[in-house]
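Visitor:
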Amino acid sequence: MSGSNGVEWNLNTQLMHESDDVYAKLTKYQPTTNVPSKCSEEELRNLWDPETSFDVHNRDQGIHGNLFLMNSFASKHGADTKTGGLTSTGTTVGECKLFSTLHSLTMIEPRVLDNYSKLGVFYEGFLERKETREVLEGGQFHKYFIKPLDRSSQITSK
Numbered sequence: 000m001s002g003s004n005g006v007e008w009n010l011n012t013q014l015m016h017e018s019d020d021v022y023a024k025l026t027k028y029q030p031t032t033n034v035p036s037k038c039s040e041e042e043l044r045n046l047w048d049p050e051t052s053f054d055v056h057n058r059d060q061g062i063h064g065n066l067f068l069m070n071s072f073a074s075k076h077g078a079d080t081k082t083g084g085l086t087s088t089g090t091t092v093g094e095c096k097l098f099s100t101l102h103s104l105t106m107i108e109p110r111v112l113d114n115y116s117k118l119g120v121f122y123e124g125f126l127e128r129k130e131t132r133e134v135l136e137g138g139q140f141h142k143y144f145i146k147p148l149d150r151s152s153q154i155t156s157k
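Just so you know, numbering that gives the first Met the number 0 puts 76 at position 77 of the sequence shown, and the rest follows in order with no gaps.
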């Protein structure tokens with residue numbers, strides 16, 4: 000789960016940390032089913048602004064800054080032709096974390112990966128795996144992050 004060699008271990012670790020950066024931004028700003036308002040409208044717009052500035056620290060960039068960097072990273076490392084992943088197994092913890100982060104983003108904004116071809120290919124390939132489909136379709140999988148005022152996705156108690 001950590002890669003088959005030192006290079007893949009480093010790749011795995013980088014993917015985990017980059018994915019965590021995006022998740023941290025989502026938890027700070029993105030509305031959820033439990034907390035539908037976490038920040039100002041301007042802060043939320045900045046989070047999703049595709050015109051991100053690279054003149055500021057990573058923590059102050061929007062999600063598209065992270066996606067741009069992860070797409071460049073995926074382009075540099077390419078996809079393994081046997082697994083469709085970024086490592087020889089295609090299922091390191093980092094790749095699983097990257098997929099889950101990208102899936103969270105696409106559940107909020109379905110076209111978020113349109114300008115990030117390598118991430119899109121990785122995401123679609125991981126999504127089509129039998130094991131992934133079993134997890135997503137095999138039980139109660141609920142949306143947590145929501146668009147502002149998208150209360151229709153909330154779970155209602157009986």
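All C-beta atoms, glycine included, are put in the ideal place defined by N, C-alpha and C.
Since residue 162 and residue 103 should fall inside the 8 Å C-beta cutoff, what is the C-beta to C-beta distance between them, to a whole number of angstroms?
Guide: Here the chain has residues from 0 to 157 only, and residue 162 is not among them.
Visitor: Counting along the chain, where does the alpha helix (DSSP H) carrying residue 121 start and finish?
Guide: To locate residue 121, count along the sequence shown from 1; it is residue 122. Residue 121 -> alpha helix (DSSP H) spans 116-126.
Visitor: Does the Cβ-Cβ distance between residue 135 and residue 126 come in under 9 Å?
Guide: Here the question's residue 135 lines up with position 136 in the sequence shown. Here the question's residue 126 lines up with position 127 in the sequence shown. For residue 135 and residue 126, yes; Cβs fall inside 9 Å.
Visitor: Buried or exposed for residue 70, please, with buried defined as at least 16 other CB atoms from any protein chain shown within 10 angstroms of its CB.
Guide: For the purposes of this step, residue 70 is taken as the residue at position 71 of the sequence shown. Flag for residue 70 reads buried.
Visitor: Taking only the alpha-carbon atoms, compute the straight-line gap between residue 145 and residue 31 and give it to the nearest angstrom.
Guide: For the purposes of this step, residue 145 is taken as the residue at position 146 of the sequence shown. For the purposes of this step, residue 31 is taken as the residue at position 32 of the sequence shown. Answer to the nearest angstrom: the Cα atoms are 5 Å apart.
Visitor: In whole angstroms, what is the alpha-carbon distance linking residue 133 and residue 139?
Guide: In the sequence shown, the residue the question calls residue 133 occupies position 134. In the sequence shown, the residue the question calls residue 139 occupies position 140. Residue 133 and residue 139: Cα-Cα distance of roughly 11 Å.
Visitor: Tell whether a beta-carbon distance below 9 Å holds between residue 131 and residue 10.
Guide: Within the sequence shown, numbered from 1, the residue matching residue 131 stands at position 132. Within the sequence shown, numbered from 1, the residue matching residue 10 stands at position 11. Against a cut-off of 9 Å, the Cβ pair of residue 10 and residue 131 comes out as no contact.
Visitor: To the nearest angstrom, how far is it from the Cα of residue 37 to the Cα of residue 128?
Guide: Taking the first residue of the sequence shown as position 1, residue 37 is located at position 38. Taking the first residue of the sequence shown as position 1, residue 128 is located at position 129. Approximately 34 Å, taken between the alpha carbons.
Visitor: Is the distance from the Cβ of residue 100 to the Cβ of residue 21 below 9 Å?
Guide: Within the sequence shown, the letter at position 101 stands for residue 100. Within the sequence shown, the letter at position 22 stands for residue 21. It is a contact, given that the beta carbons lie within the stated cut-off.
Visitor: Grab me the residues of residue 152's own chain with a C-beta within less than 6 Å of its C-beta, minus the 5 sequence neighbours each way, in chain order.
Guide: As a position in the sequence shown, residue 152 is number 153, starting the count at 1. Note on residue 152: pLDDT 45, under 50, position unreliable in the model; no value is reported.
Visitor: For residue 157, which residues in the same chain have their Cβ closer than 6 Å to its Cβ, ignoring the five residues on either side in sequence?
Guide: Here residue 157 refers to the residue found at position 158 when the sequence shown is read from its first residue. Residue placement at residue 157 is poorly supported in this model, since its pLDDT is 35, which falls under 50; the coordinates still yield a value, given next. For residue 157, where only same-chain residues beyond five positions count, there are no Cβ hits under 6 Å.
Visitor: Would residue 154 be called buried (16 or more neighbouring beta carbons within 10 Å of its own) or exposed?
Guide: For the purposes of this step, residue 154 is identified with residue 155 of the sequence shown, where counting begins at 1. With a pLDDT of only 39 at residue 154, under the threshold of 50, the placement of this residue in the model should not be trusted, and no figure is reported.
Visitor: Could you tell me the distance, in whole angstroms, from the CA atom of residue 33 to the CA atom of residue 27?
Guide: Start at 1 with the first residue of the sequence shown, and residue 33 comes out as number 34. Start at 1 with the first residue of the sequence shown, and residue 27 comes out as number 28. Whole-angstrom Cα-Cα distance: 13 Å.
Visitor: As an exercise, report each continuous alpha helix (DSSP H) stretch of at least 4 residues that is fully enclosed by the segment 26-83, in chain order.
Guide: The qualifying runs are 40-47, 62-76.
Visitor: How many Å lie between residue 90 and residue 12 at the Cα?
Guide: Position 91 of the sequence shown, counted from the start, is the residue given in the question as residue 90. Position 13 of the sequence shown, counted from the start, is the residue given in the question as residue 12. If I take the Cα positions, the gap works out to 13 Å.
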